[in-house]
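The next block holds one structure in the form of structure tokens; read it before the comments.
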Amino acid sequence: MKDIKAGLPMRQRAGMPRIKRKRDALPSLNYTRRGFRLGDGRLHLAGDIALTVVWPRDLPADPTSVRVYRDSLGHWYASFVVEMVTEALPETGRSIGVDWGIKETATTSDPHDLPHPQYGKSAAAKLARYQRQTARRKPARGKAASKGYRAASRAAAKVHKKVARQRQDTARKWAKTVVRDFDQLAVEDFKPKFLARSTMARKAADAAIGATKTALTEMARKHGRIVHLVHPAHTTMDCAQCGARTKHALPLSERTYACTACGAGSPRDKNSARVMLVRAALNPASADCGRPDGPPVRQAA
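Everything in the sequence shown is counted per our numbering, starting at 1250 for the first residue and increasing by one.
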């Protein structure tokens, strides 16, 4: 109703609410400090339930709560809440700007770019085949699912899970590299939600910009680095060298930024990444693109 009153077009309005049945949700159990304990390498839950856990690493502190849940593949996991311990890294005295995009998932002011891996595109054909099998074998209303339907559904879920894990692994490894090499990060506070209703929706979703941004901020917090979230307005229009702003927004087809005030030219995304540094009042680590003293923004001729 709010969207209707606001006069938003149909493509931007929220859909009708849907009923979420309890049996459709994946099962999960939550326990506080009094509902579980750890002993002999096992997880003991209330009701004399003992679970054998495969520990990837030791817990850094005593957990305050635990969530036991099942994923779409039927695997069970235990997620513990512990007090975070900062693992300080050696100071480098360097700073970096990060600009999010579609062609490159992350473009940085220094050579730490994250290319678009396109994991979803690589798995699209296999996923489509399993989804077609699922659609053909879907049972009628009120009838039990067949063995073939369950097998096709599980195969599709495995493809989804593999793509999600590939994106997560790539994002975390890239974030660890950036956090290790730089003390301060000027990150574009990008909201990728609006891309979901554009012609770039599929490629934007495959880039997983939101998940990569979350991985970067969490990794920086874990290792005691400083993150500056920069508002994305006009970052593609400002010149990182002199601070001039173009009169008109650059079309997406124009990939090179050319300043008409100072004559500087650079790739569009690289210029935006350096603008992040300037707006966060940080000095680039290896570039002579600092904004001189004077008015913060002026119009280019």
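Where is the CB? At the ideal position from N, CA and C, for every residue including glycine. Computed from a prediction, not measured in an experiment: that's the story for all the values here.
Residues near G1256 in its chain [Cβ-Cβ closer than 6 Å; skip 5 each side]: none
P1364 to A1355 span [Cα, whole Å]: 7 Å
Buried or exposed by the 16-neighbour rule on C-beta atoms within 10 Å, applied to W1423: buried
For P1500, the three-state DSSP class (helix, strand or coil): coil
CA-to-CA distance, G1264 to A1393, given in whole angstroms: 30 Å
Cα-Cα separation between P1481 and L1300, rounded to whole angstroms: 47 Å
Uninterrupted alpha helix (DSSP H) stretches inside the segment 1414-1459 (no shorter than 4 residues): 1450-1456
Nearest-angstrom beta carbon gap, V1330 and T1313 [assumed within contact, 8 Å]: 5 Å
Alpha-carbon spacing of R1260 relative to K1254, whole angstroms: 15 Å
Simplified DSSP state of R1286, which is helix, strand or coil: strand
T1335 versus T1383 - alpha carbon distance: 46 Å
Residues near R1528 by beta carbon distance below 6 Å, same chain, minus five either side: V1479
Cβ neighbours of A1337 in the same chain (closer than 6 Å, five flanking residues each side left out): G1473
Classification of Y1368 by the beta-carbon crowding that lies within 10 angstroms, buried from 16 upward: buried
R1540 (DSSP reduced to helix, strand or coil): Since pLDDT at R1540 reaches only 38, below the 50 mark, its modelled position is unreliable, and the value read off the structure follows with that caveat. Of the three classes helix, strand and coil, the one that applies to R1540 here is coil, per DSSP.
Sequence-distant residues of its chain with Cβ nearer than 7 Å to H1483 (five each side left out): R1494
Expected contact under 8 Å - CB spacing of R1319 and L1275 to nearest Å: 5 Å
Chain-order list of residues whose beta-carbon lies under 8 Å from that of W1304 (same chain, five-residue window excluded): G1290
Between the CA atoms of I1458 and E1340 - distance to the nearest angstrom: 27 Å
C-alpha distance - R1283 paired with I1298, whole-angstrom precision: 14 Å
Of the listed residues R1446, R1470 and E1437, nearest to K1519 (C-alpha basis): E1437
Cβ contact check for the segment 1410-1423 and the segment 1446-1463: 3 or more pairs under 8 Å: yes
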